[in-house]
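Residue numbers (the working numbering), protein chains in the order written: chain A, 5 to 156; chain B, 2 to 185.
Yeah, the Cβ is synthetic: ideal placement off N, Cα and C, and Gly gets one too.
As the structure is a computational prediction, the values presented were derived from the model and not from experiment.
Right under this line is the structure:
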């Protein structure tokens, strides 16, 4: 009986040691070697749509319930980009917040309707309050990365 | 009959092996069923406190960071920080995020801790590890099918499938059917 317990403990320790790697991998293997800066993507997002990119940044937010997205900080202040993954395909842990992540994925865009924000500037950030169409819906384009693989 | 004895043995021994996993999957099943009402993996605690606000908005990220650290007396290692807007800063510590608005002095502290037992159960139930676990989960699923089928024919007579068993089995069939008719 003691032998069986010892073997069982040995196997558990063995698998724990296998798991104790520095960087944890999520999803598919990262294949790209050249990194794209997040600020470059956000400066000209349309040109990156459909492209596979490798980005690196600090995780500043994580989907609390399902771990299905993370937000990465850009090199520029006040900028972030969201990495969305297929539900269940990758589950980002909440404790990843504040850690550096290397993410490979595809840039994509989608549009959604939102109330015009008229406190100083409108949704597009250009028009002033005077030219803003108060109360009207605005179509906004959101750019995100569809995460395929990550190392945190 | 000999075949019924064999079925009993299969049911009993498969049941022993599958017992722990069944409990794990059931606990996780209940937990993730109510994902909109609670967080099945983490306990997230939030608190709000105030610090002295800063009147000048041209501070650097480092100055904002140092101000918050000194005001809160943080001694933990700072993993990283992020400035979401000119007047605010997020500071990441182990298991804790401090979001400070230096204009108002409002500081939100979010502490996360693992919801043990549930988190580990969900990890396995939702097949987060993938790889070899996918096979284990498949074998477990097959063993549940085996348990269900052998369970139907374990007893004979009045207590067996041909007796009261068929009515219970019909009830078991009716439950998903009714919900499919209503909601599907």
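For residue 102 of chain B, the CB contacts under 7 angstroms within the same chain, skipping 5 residues up- and downstream, are 88 and 89 in chain order.
For the pair residue 69 of chain B and residue 113 of chain B, the CB atoms are not nearer than the 8 angstroms cut-off. Contact annotation for residue 82 of chain A against chain B: 84, 85, 86 and 87 [CB-CB distance below 8 angstroms, chain order]. Interface residue (Cβ-Cβ distance to chain A less than 8 angstroms): residue 135 of chain B is not classified as such.
Residues of the segment 66-78 of chain B with a C-beta less than 8 angstroms from any C-beta of chain A: none at all.
Chain A has no Cβ within less than 8 angstroms of the Cβ of residue 31 of chain B. Check the Cα spacing between residue 148 of chain B and each of B/37, B/3, B/40 and B/14: the tightest is with B/14. For residue 34 of chain A, the CB contacts under 6 angstroms within the same chain, skipping 5 residues up- and downstream, are 108 and 153 in chain order. Secondary structure note for residue 17 of chain B: it is in no beta strand (DSSP E), and the uninterrupted alpha helix (DSSP H) holding it is 3-34. Residue 93 of chain B belongs to the set of residues whose beta carbon lies under 8 angstroms from a beta carbon in chain A.
Sequence-distant partners of residue 91 of chain A (beyond 5 residues in either direction) whose C-beta falls short of 8 angstroms from its own C-beta, in its chain, are 70 and 72. Counting only residues of its own chain and dropping the five nearest sequence neighbours on each side, residue 79 of chain B has a CB closer than 8 angstroms to the CB of 66, 70, 92, 93 and 94. DSSP places residue 184 of chain B within a helical segment (H, G or I) once states are collapsed to three. DSSP places residue 78 of chain A outside both helix and strand once states are collapsed to three, so it counts as coil. Per the C-alpha coordinates, the member of A/113, A/62, A/68 and A/141 positioned closest to residue 83 of chain A is A/62. Boundaries of the beta strand (DSSP E) harbouring residue 119 of chain A: 104-119, taken from the DSSP string. Our two residues, residue 147 of chain A and residue 53 of chain A, have alpha carbons roughly 8 angstroms apart in a direct line.
Annotation for residue 134 of chain B: 125 and 128 place their beta carbon closer than 8 angstroms to its own, counting only its chain and skipping 5 residues before and after. Contact annotation: residue 42 of chain A and residue 87 of chain A have beta-carbon atoms that are not nearer than 8 angstroms. Around the CB of residue 7 of chain A, fewer than 16 other CB atoms lie within 10 Å, so the residue is classed as exposed. For residue 17 of chain B, not one C-beta of chain A is nearer than 8 angstroms to its own C-beta. Across the segment 82-116 of chain A, CB contacts with chain B closer than 7 angstroms involve 82, 92, 95, 98, 99, 101, 102 and 103, in sequence order along the chain. Here residue 88 of chain B is not bridged, per DSSP, to any residue. Cα atoms of residue 43 of chain B and residue 30 of chain A: separation of roughly 19 angstroms, rounded to the nearest angstrom. Not a single C-beta of chain B is nearer than 8 angstroms to the C-beta of residue 154 of chain A. Non-local beta-carbon contacts of residue 106 of chain A in its own chain, meaning distances under 6 angstroms to residues more than five positions away in sequence, involve 60 and 155 in chain order.
Using a CB distance cut-off of 8 angstroms, residue 118 of chain A does not count as an interface residue toward chain B.
Pairwise C-beta distances place the segment 150-163 of chain B in contact with the segment 2-13 of chain B, as three or more of them are shorter than 8 angstroms. The beta carbon of residue 138 of chain B is closer than 7 angstroms to those of 128 in its chain, skipping five residues each way along the sequence.
Close to residue 37 of chain A, with beta-carbon spacing below 7 angstroms, lies no residue of chain B; the smallest spacing is near 24 angstroms.
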